[in-house]
Each structure stands twice: as structure tokens, then as C-alpha cells.
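**Q** Numbering (the working numbering), first residue to last: 102 to 740.
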């Protein structure tokens, strides 16, 4: 029996030195910050090509619209700054070129009307905006090179579509420079024309105007009257233009006394004030006799109702799901406004409705299922209607995905070859999960299945030739088909036991077992010699029988198993063979133990966990082992 104990100790020592089974690690949800973000360079270059084409065609308004739409696009963090800077430079260039063209057009019209002073002012302003556009154009070239480098253009092979798109962009940049040069030549030409016009000797003119009223509601009519003179003499039969702000509003002809009257209809422009002035531009022969002139500006207060929008909506929404926007439209005095058209915009999604008789409105907005998670701007606008100005509300909301909760059942110890069943269930905080793709991966093995109700069962066939014994990571990946649910991953460590591998390890342990046995025999001879010597000296020593003591952690459980092993060996007069594992010995004694097998089997399983698990046992585990030992020993005694 002493040899059996020594052999058991040697085997336990060998097993305890092996790699242990780790605690299952639960990773229920995917970390969005670790998801690789990729921006398609071909799409980006093509998009910018469309913008630059519009700019070279001088369609600056459409170009600006495309740039603003780009601002609603989700950008990966590694290119976000570069793309936003490029967009900012594009916006500045489009605005400056547009301003330059408008100023040069105005200057040309003013020169044709012989309004030299105003024309020269416009030319000076055009010179400033054109110079600013030139600086922006240089910065844009540098930014394009940096952008191309960041999105991997130069890493693409020559002749690829990415390289072709980049080359087209460079060609469009050359066209923009050519366009800038044309504006510069037009500026020089208009300056020369202004200089020639300034050299003419013309008679001064004077234009005075008055208004019947200094405030009016939008849509109302205002009367303007005035007189045109030159050197104190009236100028009859001349046309006078009336401007409201910078726009032509009306024309009138002077009578014999140089006087004129005109009616102005206040447009539906919702601003606090507008200016009114009259302009005289000599025509025909008058252009070589009289100098053009304009009256003083008179301010007129514009009356209208300002509309305020109070809006409510959820702070978080989900891709592919609808949410409700509710609100109330009223004037600045608190009166509800009926019949206003209300528009809600989120990214590229737009919804319309009208206010009710009490000013309330409600819209159902469906979130684009393609939207990435992040914070987006929600804009709610009411269209102008008569004396009611447009209303506008801008807020933000967060597009999120619902987290999936995974419950997975899989064995923590697998003896191969075998077919493992991995069962589980996925549930969402929103609603029942309808469609999921589940992929189970263990080492190089992988299998996938689809489920319509959230529950799943994935099988993995593991051949003995594929794996050595050891700890492996089992990964279960759940991909929801619904856009509002977030993918989730569950991982756990499993112990793979390969009998062939274990047999080879046992063969390698034989030298260790022999050394232990030799050591036991040596200690026995020393003990016998010591006893003989003590007998000669007539001294009766107190001998303590060596016992195996395990301390801490799972030691109490292992002690219980060793006591059970000893009791079974004595009762059945069987010893555990050196080549036998704990489970093999259990299978050999089961027929003889009969009803007591259940106690010895559970103690064997607990001993295996003690050998392979680094987790501390619970108090009830130790109590359970002790009770099992008592029942087993009691049963053996009765038999």
C-alpha cells in the first residue's frame, strides 16, 4: 500500500505542474473603439472630383452643397482632421471665387451705368477676394498631397483606378488656376475701363428722395418720391432706379419739374431693416454730359412675426428604427401658428409635416440603417408663410446600437476526439432578436449557423490529430442581421485532453516515478536500521508514520480523494496501476463499487478540477467532498 501512495503522489505532482485551466472570460459586447475604421480612397477622390468639376464650371452653389453634404459623412479618426481641413479650404476657395465673380459682374454693370465711385469700390473688393483665393488655392494643393498620402494613394499601383482618380484631381486643380487667371485678367480690364471713364469731364447731378412711411409689414407697398437736378436745374424725362437693399425694386421717370414717384412692395425678406435709395445712370448722350449719382439711403423698418420652435425627441436613436419628433410653433409673443410646413432633417433623411390649429406638430423619422454610431445634428425648420418668418431649431442626438446579451453553454473540459455542442441565446435590450449569424471558433476550427429566434446550437467536430492537450480559447461571435443591434463576442478558455498526448506524457514521467520509488525504498532501509539500533539501546522510540499533507486551496478536496482512493483500494484489494489516470481507475472499479460509484465518481471529478483549475474552491465544495467521503467510506464498511 505504501508503494501505491508513493505512486499517487508522483502522479499528482506531475499533474499539478501542468498548465492549468483558466477562468472563463466573458466579453459580452464588441468594443467600437477597437473596430478597424477604413475609408475608401476611390470613393473619396471621385467625390472631390465632382466638387472640383463644378467649381471649374463656376457652379459654386452646387459645389458648396456637395461639400456640406460631405460634412454629414462619418469619417474614421485617422483621416478625420485631414479631410475636414481639405473641406474647409474647398469651402473657402469656392466662396472667394464666387464673391470675386459677383463683385466683377457688379463692377462691370456699374461702369456701364457710369457709376464710377461704386464700380471702383467693387473692384477693390474683388482684388482682395481674388488675392485671398490665390492663397487658398496654394494651401489646397498642399492639403491634397497630404490627403492623398494619408488615404494610401501613393501606395496604389500605377494605372490603378485610385491613381487615375488622383491624376484627374490634379488636372482639375490646373483648371482652377486657369480660372483664377481669367478673373485676374477681367479685373485688370475693368480697372483700365474705370481709369478711362474717370478722365471724362462731366456735369455733377443730384438726387433727393423721401418716404411716405418708415416702417411696413412684409408684403406691403411703400411710396417713394424725389427730384433730380443738375447745377440747380431740373432734369425732366430721365429714368431713376429705386433700390431696396442691393436689389432693383422699381423705376420711375422724372416729370417737367424733375420730380418722380414710385411704389415699392416690401418683399418677404425677414430682416429688421432695409435701405432704400434712388440711382441716376445717364443714358445715351447724357452719358457724356452728366455724371451718375445716387441719393442718400433711407432705412425702413420691416415688420413680421418671428417663429419659435420648441422641439422634443429622444437623446438616443437606433439605425433602421424610427423615432418621434414632437414640437410646438409659436410667435415671439407666444401665439400658436397654424399651417406652417415643418421639416426635420437627420443626415440625409428628411421628413415634412404641418402645424395643427394649436401650433403642435409631430413627425416620425426613420434613422438611415447605414449610419455609423456617433453624434449627429438634428435640424427642425418651419418654412416662411406671409408675415411669419422661418423658424429653426438645431439640436443633437446620438445614434447607438443596442447591446446584445449572450448566454453560452459549452463544456470547459473536452476529451478528443469528440463533437462539441455549443448552445446559447442572444437577446437585445430593444426586442426579440430575429436573425443572427453565429460563428464558433476553436483554434483552427470554425463553424457557423443562422438562427431566426435568437437561440442557437453550433457543433464543432474535433479530431484527435488536430490538437495537443492544453488550454485553448473558444470564441462565439454573434452578428445580428438587424442594423440596430450591435455584434457581440463571447470567449472562454477550455481544456483539451488528448489521450494520445497524455499517454506520451505518462511514458515521459516513468523515470520520475522510479526515482520516487527508489527514494521510498531507501528511507525504508534507514528506518529499519534505526529501529534495530534503538532496540539494542533498549529505547522505545515513538515512530510517526509518514503521511501526505496538502495545504491551501484545493488541498482539502484532494485529501478527501486520496482517502477515498485508499479506502477503495483496501476494500476491493486493488491498487492503482502506474499507467492509470484517475478516470481510468474509476472505470475499472465501477462494476465492483455498484451503488457507491456515484460518490467515488463525483470525488474523482472534483479531484480533476482541483488539479487543473487555479480558482479557489468555495466552502461548499470542501463540505461536499467531505460528505461524499463519509458516505463512500460508510458504504464500504457496511459491505
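We put the beta carbon where it would ideally sit given N, CA and C, even for glycine.
Going along the chain, which residues of its own chain have a beta-carbon closer than 6 Å to the beta-carbon of residue 335, five neighbours each way excluded?
**A** Counting only Cβ-Cβ distances below 6 Å, and skipping sequence neighbours, we find 358 and 359.
**Q** Kindly indicate which three-state DSSP category residue 301 falls into: helix, strand or coil?
**A** If DSSP states are grouped into helix, strand and coil, residue 301 belongs with coil.
**Q** Could you tell me if residue 678 is buried or exposed, where buried requires 16 or more neighbouring beta carbons within 10 angstroms of its beta carbon?
**A** With fewer than 16 Cβ atoms within 10 Å of its Cβ, residue 678 is classed as exposed.
**Q** Hey, how far is the Cα of residue 595 from the Cα of residue 513?
**A** If you take the alpha carbons of residue 595 and residue 513, they lie about 5 Å apart.
**Q** Between which residues of its own chain and residue 355 is the CB-CB distance below 7 Å, once the five residues before and five after are set aside?
**A** If we look at residue 355 and ignore the five residues flanking it on each side, its Cβ neighbours are 329, 336, 337, 338, 339, 341 and 361.
**Q** Kindly give me the distance between the Cβ atoms of residue 491 and residue 537, rounded to whole angstroms, as I take these residues to be in contact under 8 Å.
**A** About 46 Å separates the two Cβ atoms, so there is no contact after all.
**Q** DSSP beta-bridge partners for residue 578?
**A** For residue 578, which the question treats as bridged, DSSP gives the partners 540 and 590.
**Q** Within its chain, find whatever has a CB closer than 7 Å to the CB of residue 474; leave out the 5 residues flanking it on each side and keep chain order.
**A** Here the set comprises 133, 500, 501 and 502.
**Q** Whose CA, out of 367, 395, 428 and 384, lies closest to the CA of residue 401?
**A** Per the Cα distances, 367.
**Q** Restricting to runs no shorter than 4 residues, where is the alpha helix (DSSP H) found entirely within the region 202 to 267?
**A** The region 202 to 267 contains these whole alpha helix (DSSP H) runs: 217 to 251.
**Q** Which class does residue 191 belong to by DSSP, given the choice of helix, strand or coil?
**A** Residue 191: helix per DSSP, three-state reduction.
**Q** Can you list the beta strand (DSSP E) stretches of 3 or more residues lying completely in the region 411 to 445, in chain order?
**A** Runs of the beta strand (DSSP E) inside the region 411 to 445: 423 to 432.
**Q** What does a CB cutoff of less than 6 Å around residue 700 pick up in its chain, not counting 5 residues either side in sequence?
**A** If we look at residue 700 and ignore the five residues flanking it on each side, its Cβ neighbours are 729, 732 and 733.
**Q** On a Cα-Cα basis, can you pick out the residue from 374, 327 and 667 that is closest to residue 353?
**A** Among 374, 327 and 667, the Cα nearest to that of residue 353 is on 327.
**Q** Pair every Cβ in the region 375 to 388 with every Cβ in the region 418 to 432, then say whether three or more of these pairs are closer than 8 Å.
**A** At 8 Å Cβ cutoff, the stretches do not touch.
**Q** Are the region 226 to 238 and the region 188 to 199 touching by the rule of at least three beta carbon pairs closer than 8 Å?
**A** Yes, the region 226 to 238 touches the region 188 to 199.
**Q** Relative to the alpha-carbon of residue 285, which residue among 225, 250 and 697 has its alpha-carbon at the smallest distance?
**A** Minimum Cα distance to residue 285 is reached at 225.
**Q** With a CB to CB cut of under 7 Å and the five nearest residues on each side skipped, what residues in its chain are close to residue 193?
**A** Excluding sequence neighbours, residue 193 sits near 237.
**Q** Give me the Cβ distance between residue 287 and residue 205, rounded to the nearest whole Å; I'm assuming they're in contact under 8 Å.
**A** Yes, they are in contact, since the Cβ atoms of residue 287 and residue 205 sit about 5 Å apart, within 8 Å.
**Q** Distance, Cα to Cα, residue 697 vs residue 592?
**A** Computed Cα separation, rounded: 37 Å.
**Q** With DSSP as the reference, label residue 318 as helix, strand or coil.
**A** In the structure shown, residue 318 sits in a strand (DSSP, three-state: E or B).
**Q** According to DSSP, which residues form a beta bridge with residue 557?
**A** DSSP lists 525 as partners of residue 557.
**Q** Once the 5 residues before and after residue 488 are set aside, which same chain residues still bring their CB inside 8 Å of it?
**A** Cβ within range, chain order: 318, 319, 320, 404, 405 and 406.
**Q** Helix or strand or just coil, what does DSSP make of residue 674?
**A** Here residue 674 sits in coil by DSSP.
**Q** Examine the Cβ distances between the region 655 to 666 and the region 705 to 715 and report whether three or more of them are shorter than 8 Å.
**A** Counting Cβ pairs under 8 Å, three or more are found: they touch.
**Q** Starting from residue 689, follow the alpha helix (DSSP H) in both directions and report where the run begins and ends.
**A** Run containing residue 689: 683 to 694, per the alpha helix (DSSP H) assignment.
**Q** Which runs of the beta strand (DSSP E) fall wholly inside the region 326 to 412 and span at least 3 residues, in chain order?
**A** DSSP runs (the beta strand (DSSP E)) wholly in the region 326 to 412: 340 to 345, 348 to 354, 360 to 366, 374 to 381 and 399 to 404.
**Q** Taking contact to mean 3 or more Cβ pairs, one atom from each stretch, closer than 8 Å, check whether the region 549 to 558 and the region 464 to 473 are in contact.
**A** Flag = no, the region 549 to 558 and the region 464 to 473 do not touch.
**Q** From residue 736 to residue 689, what distance separates their C-alpha atoms?
**A** Straight-line Cα distance between these residues: approximately 18 Å.
**Q** Is there contact here, the region 510 to 530 with the region 441 to 451, by at least three beta-carbon pairs under 8 Å?
**A** Touching, no, given that fewer than three Cβ pairs across the two stretches are closer than 8 Å.
**Q** When you compare the CB positions of residue 345 and residue 372, do they come within less than 9 Å of one another, or not?
**A** No, they are not a contact pair.
**Q** Assign residue 323 to one of three DSSP states: helix, strand, or coil.
**A** Correct three-state label for residue 323: strand.
**Q** Taking just the CA atoms, how far does residue 418 sit from residue 264?
**A** Looking at the two C-alpha atoms, the distance is approximately 39 Å.
**Q** Spatial neighbours of residue 235 within its chain, please: C-beta separation below 7 Å, excluding the five flanking residues on both sides.
**A** Answer for residue 235: 281, listed in chain order.
**Q** What would DSSP say about residue 509, mapped onto helix, strand or coil?
**A** Of the three classes helix, strand and coil, the one that applies to residue 509 here is strand, per DSSP.
**Q** Closest by CA to residue 244, which one among 694, 343, 348 and 189?
**A** Here the closest residue by C-alpha is 189.
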